[in-house]
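Below is one structure, written out as structure tokens, with a few remarks after it.
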Amino acid sequence: MLKPINDEQLKIILTKMCSRVGVKYKDINFAEEGWFQKHSWAKEEQDSFQKWLGDKLTEWKCTKKGKYRGQPHGYYEAGKFLMNYGWTFNKP
Numbered sequence: 048m049l050k051p052i053n054d055e056q057l058k059i060i061l062t063k064m065c066s067r068v069g070v071k072y073k074d075i076n077f078a079e080e081g082w083f084q085k086h087s088w089a090k091e092e093q094d095s096f097q098k099w100l101g102d103k104l105t106e107w108k109c110t111k112k113g114k115y116r117g118q119p120h121g122y123y124e125a126g127k128f129l130m131n132y133g134w135t136f137n138k139p
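Residues 48 to 139 (our numbering) make up the sequence shown, in order.
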């Protein structure tokens, strides 16, 4: 049975996401609308984070093992999270 992400796991995810752009978790107001638009990262950094998050979701049994649409379920689910809450991309 798959488990939803709990508050502790969400804090781990957001802390890691913040560290990737050089900000501290405690300095972000996640209740503020558009909080995820205040920082940006390179596509390569997002791809690396997506792999990390996908592995974590699988480890925490929040997603199925195996593949979906040719990619691991965890990676696919991490992509959905990032589509909604990922930082914007750096401007070229």
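Positions of the beta carbon are idealized from the N, C-alpha and C atoms, including for glycine.
From what residue to what residue does the alpha helix (DSSP H) around residue i run?
i	result
T62	54-66
L131	Per the sequence presented here, residue 131 reads as Asn, with Leu not at that position. From DSSP, the alpha helix (DSSP H) with N131 extends over 120-132.
D102	90-106
When the Cα of residue i is compared with those of the options, which residue comes out closest?
i	options	result
L49	Y132, K108, E79	K108
I52	G121, G133, T135	G121
W88	K71, R67, N76	R67
F136	E106, R116, K85, G101	K85
Across which residues does DSSP place residue i in a beta bridge pair?
i	result
K71	Its beta-bridge partners do not exist; DSSP assigns none.
Spatial neighbours of residue i within its chain, please: CB distance less than 6 angstroms, with the 5 preceding and 5 following residues excluded, ordered by chain position.
i	result
E124	L104, T110
Spatial neighbours of residue i within its chain, please: CB distance less than 8 angstroms, with the 5 preceding and 5 following residues excluded, ordered by chain position.
i	result
K138	S87
Less than 6 angstroms between the CB of residue i and some heavy atom of the ligand MN, yes or no?
i	result
T62	The ligand MN is not part of this structure, which contains no ligands at all.
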